[in-house]
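Report on the following structure.
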Amino acid sequence: MFKNFLKVAFRQLRKNRFYAIISISGLALSIGCCLLMLSYLQSEWSYDQQNHQPERLYRVVFENYLGQGKFATTPLPIGPALGQELPEVASVTRVAKGLTTLTRYQDKRFFENLAFIDTAFAEVFHLDFIEGDAATALATPQSVVISESYAKKYFGDANPIGKTLEIGSSGALYSTVSGVFRDFPQNTTVEFDLALPFSTFESAYGPAELWQQMPGNYTFFRLAEHTSIEVAEAKLTAFTERHLADQLDDWQQNYQMAFQPLLDIHLHSDYGRESSSGNLKTLYLLGLIALILLLIAGINYVNYTTARFPKRAKEVSIRKIIGANRRSLIGQFMMETVLTTALAGILAIVLANLFLPGFNLISGKSFQAADLNQPWFYASALAVIMLVGLIAGIFPALFLSGFRPLEAMKGKFHQLSMADLSRKGLVVGQFAASVILLVATLVVWQQMEYVRESIRPEVSEQVGVFQINGKLSEQFPILQEELQQVAGVERVAGGSNVATFTGDSWPMQLDLNSPKVQTENYAVQGAFLETMGYELIAGRSLDASRASDRNGAFVINETAVKAFDFPSAAAAVGERALFGSGKSQKEGQIIGVVKDFHFQSFHDQVEPAVIQFAPFDWMRSQFVAVRFQSDETDRLQTAVKEIVQTLDPNWHADLHFLDEQFMELHQNDLQQGRIFGSFALLAIFISCLGLLGLVTYSAEQRTKEIGIRKVLGASMAGIFRMLSMDFLRLVLIAFLIAVPISWYLMTNWLEGFTYRIDISVVVYLLAGISAFAIAMLAVSFQSLRAAVANPVESLRNE
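Counting from 1, one number per residue, gives the positions in the sequence shown under the UniProt record's numbering.
Following this line, the structure appears as structure tokens:
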């Protein structure tokens, strides 16, 4: 029987080649893209699972730092103190990131992102050493460990162990490569390519004892065996009082430390200064998109099958008359579905591999073909094929097997009205899903445009930034003067933090008895406000010619004004303030207020900021900002690099434009937009394949009717309307259904942004018009073909 079912199924595919090709193509495209989406979701859901017992790994966080919010970064001394005082902490490591500097080996030099880590890092996280010993690789301050890919970049096939890297420019660190580790997987929270021991940091700059400062430092630990995190958390209050009571007495009632599970960081973290994170809502949306694509392709198959009911009714009746029962008929029709989906599934796996480079491009992932050649991938493919086959096959099988033989032989089909209604409902569902995806694409695009437009008044595409240190820091006045002599350069300034480069955070208060406010510190030189284009709304800008400005003047932002409870920006001007704490605290005067400017992504709230003159020093990254008057950016970049090379031949000016830097903060959002857009186009394409098939079949079924109408004087336009309007009316209904659903979904997505757009009516109009126009093209081809056909041909056999 199975062999007979298979033979009949192949015969049906050959007999209906056109519809079989459309069904298999649509299913293959949707299943292939669904498999790629599953790969993406699997990568996101399995973050940090490569570590040994990842459920026992935690990060130290601040729930309410200075009464201002939640932060993922911690003061430097917390890690060692936890390791010494809490027996529940088996091992602890700090990971300080965010420092970019020039690294050289012989004639090779690259800008690298450095990390400082403790020697116990490999006890907390999985670090697979290819060369060197994890236990001793970072035992001395002069050591450095590098990833496998970086070893190839610097040393080729040579053994890097024992070779010396020059890190930095003048006053550089000369570090000996003591270990090479395998590259981190792409789905890991903590990753780096070049790491130095914290002993290097402390030997250069002294012990890390500042409990108040919050640099780009993250603290992780492994929970000891045979204990629970609740036991460790119960000791946090005493730990806080022991180390922070003296400095934070006026915040203590609101000041809280906490332990965050490592496995919660990527998708469930809402802490400020997060190194990177995913978006749970987006994953749900992407999963929904994959499901929608499968449904659209499955609907096509169901519609083609049910549209052929009249042609197959007599076949079913004859089978029943000669003894076939309903069970065997259902088996036959399910076999046809399984064969179609199996062929589509095989093609889908091929397409998934072919589409992989393009998917990497739009998703920001770096999947390899080997990543798809995994048991879970083939198991997922089989599950998807079986699911689609079951869903797409069960309704047609039940419906076709339910015909009454006598009525079918006479051409009476009571079920057809219900089949037609179901078919129309499925077409509406297809296009509603497609419109939802189009709306999602347009909303993401509009939000990203809002980000671009919002940052341009303050950091236009003509503001470039590059990092300096060592010799160039000492020569900044000379560098500034020479850069300003270049034709087309309007202004030059220096700063510790420049827009997207942040991490230098200090407390500020109006007097010793007033509350402290944690602020983002901008230690600057030159005309910083003017170079960056920040808008002054009260008071005046910093003036280097005034001695008082050089030694104790602050410009704050609007958020800081609110944090200090000033009634207005003007009221803040002239007030005295204390910046910093302990021995580093200094007194000064607030001389100006600038409009809030974004120095983090639009997902994050703008924090209080302080801008002040300060010399470059080791505690801060050092950047130079250059505002260009001219559009000749290529020429100006070359001139900047030549000047830098003249002052320090060992340094390379890696200049970036700040509008590009801001958009890099939104790479995840941009990638989501590209995914939405690509899958929206695919959904529309598959839906139109379905419409094309249905219109073609409708025209075939109504060939004689069309011929008679034309003989009786019907116009081409009338025939076209007759064949097209029913389908286009369904698209309109789909649009009306899609509007409230898409509004709910995308409003929910936008809530992830602190600063966001309101969804415009134009978005829905564009999505509706686009869907209608594309559907019109699909319908028009076959409708016009039927309308211009010679009626003699259609009536020849009557």
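Don't be surprised by glycine CBs; every beta carbon is placed ideally from N, CA and C.
Practice prompt. State the Cα-Cα distance for the pair P457 and R721, rounded to the nearest angstrom.
Written response: The pLDDT assigned to P457 is 47, lower than 50, so where the model puts this residue is not dependable; a value taken from the coordinates is nonetheless given after this. Looking at the backbone, the Cα of P457 and that of R721 are separated by about 52 Å.
Practice prompt. Return the first residue and the last residue of the beta strand (DSSP E) that E490 is part of.
Written response: E490 -> beta strand (DSSP E) spans 489-495.
Worksheet item: For the beta strand (DSSP E) that contains G592, what are its first and last residues?
Response: 586-594 is the extent of the beta strand (DSSP E) around G592.
Practice prompt. For Q509, name the three-state secondary structure that DSSP assigns.
Written response: In the three-state reduction of the DSSP assignment, Q509 falls in the strand class.
Worksheet item: Considering I537, what are the terminal residues of the beta strand (DSSP E) in which it resides?
Response: Here the beta strand (DSSP E) through I537 covers 536-539.
Practice prompt. Would you check if the distance between the CB atom of L542 and the CB atom of A560 is smaller than 8 Å?
Written response: No.
Worksheet item: Do you know how far the Cα of L510 is from the Cα of E664?
Response: The straight-line gap from Cα to Cα measures roughly 36 Å.
Worksheet item: Can you name, in chain order, every residue of its own chain whose Cβ lies under 8 Å from the Cβ of V763, other than the five neighbours on each side?
Response: Closer than 8 Å at Cβ, skipping near neighbours: V439, L442, V443, Q446.
Worksheet item: What's the call for I130, buried or exposed, on a 16-neighbour Cβ count within 10 Å?
Response: Its Cβ having fewer than 16 others within 10 Å, I130 is exposed.
Discussion item. Checking 8 Å against the spacing of the C-beta atoms, do F613 and A544 come in under that value?
Written reply: Yes, they are a contact pair.
Worksheet entry | Length of the line joining the Cα atoms of N279 and I708 | Their Cα atoms are separated by approximately 59 Å.
Practice prompt. In the DSSP assignment, find the alpha helix (DSSP H) that holds E664 and state where it starts and stops.
Written response: Counted as a single uninterrupted DSSP element, the alpha helix (DSSP H) harbouring E664 occupies residues 658-664.
Worksheet item: Over what stretch of residues does the beta strand (DSSP E) that includes A555 continue unbroken?
Response: The sequence as given places Val at residue 555; Ala does not occur at that position. Per DSSP, V555 belongs to the beta strand (DSSP E) from 553-557.
Worksheet item: Can you give the Cα-Cα distance for Q252 and E241, rounded to whole angstroms?
Response: Low confidence applies here, because Q252 scores a pLDDT of 42, under 50, leaving its location unreliable and the question unanswered by this model.
Worksheet item: S46: beta carbon under 7 Å from a heavy atom of the ligand COA?
Response: The model depicted lacks the ligand COA and carries no ligand whatsoever.
Worksheet entry | Buried or exposed by the 16-neighbour rule on C-beta atoms within 10 Å, applied to G162 | G162 should be labelled exposed.
Practice prompt. Report, in whole angstroms, the separation of the C-beta atoms of L351 and L29, which I expect to be a contact under 8 Å.
Written response: Rounded, the Cβ-Cβ distance is 7 Å, consistent with contact.
Practice prompt. Could you pull the start and end residues of the beta strand (DSSP E) that N113 belongs to?
Written response: First-last of the beta strand (DSSP E) with N113: 108-117.
Worksheet item: Roughly how many angstroms separate the alpha carbons of N557 and G345, rounded to a whole number?
Response: Cα-Cα distance, rounded: 57 Å.
Fill in: Environment of H266 [buried if 16+ CB atoms lie within 10 Å]
With 16 or more neighbouring CB atoms inside 10 Å of its own CB, H266 falls in the buried class.
Worksheet entry | Candidates L681, P87, H603, D264: closest to Y58 by CA position | Ranked by Cα distance from Y58, the first of L681, P87, H603, D264 is D264.
Fill in: Reduced DSSP secondary structure (H/G/I, E/B, other) of E131
Note: E131 maps to strand in three-state DSSP.
Worksheet entry | Neighbourhood of A639 by C-beta, 7 Å cutoff - its chain only, sequence neighbours within 5 removed | V486, listed in sequence order.
Item to complete: Using the DSSP secondary-structure output, state which residues sit across from N217 in a beta bridge.
Response: By DSSP's assignment, N217 forms a beta bridge with A96.
Item to complete: Classify R17 as helix, strand or coil using the three-state DSSP reduction.
Response: Looking at R17 - three-state DSSP - the assignment turns out to be helix.
Fill in: Local conformation of V573 per DSSP, three classes
Three-state result, V573: coil.
Item to complete: Assess, as a yes-or-no matter, whether the segment 186-199 is touched by the segment 141-153 under the definition of 3 or more beta carbon pairs within less than 8 Å.
Response: Proximity of the segment 141-153 to the segment 186-199 meets the contact definition, three or more beta-carbon pairs being nearer than 8 Å.
Worksheet item: Can you name the residues that DSSP bridges to E520?
Response: Note: E520 sits in a beta bridge opposite S505, A609.
Discussion item. Going by DSSP in three states, Q467 sits in which element: helix, strand or coil?
Written reply: If DSSP states are grouped into helix, strand and coil, Q467 belongs with the strands.
Worksheet item: Where does F657 land, buried or exposed, given buried means 16+ other C-beta within 10 angstroms?
Response: Label assigned to F657: buried.
Worksheet item: Smallest Cα separation from V463: which of F628, T306, W749, R550?
Response: When each option's Cα is compared against that of V463, the closest is F628.
Worksheet item: With a CB to CB cut of under 7 Å and the five nearest residues on each side skipped, what residues in its chain are close to F121?
Response: Contacts found: T93, L127.
Worksheet item: If you run the structure through DSSP and keep just helix, strand and coil, what is L542?
Response: It is coil, neither helix nor strand.
Discussion item. For the structure I just gave you, are there three or more beta carbon pairs, one from the segment 79-87 and one from the segment 284-302, closer than 8 Å?
Written reply: The answer is no - the segment 284-302 does not touch the segment 79-87, with fewer than three Cβ pairs under 8 Å.
Worksheet item: Tell me, which residues are paired with R627 by DSSP?
Response: Beta bridge pairing from DSSP links R627 with V463, R491.
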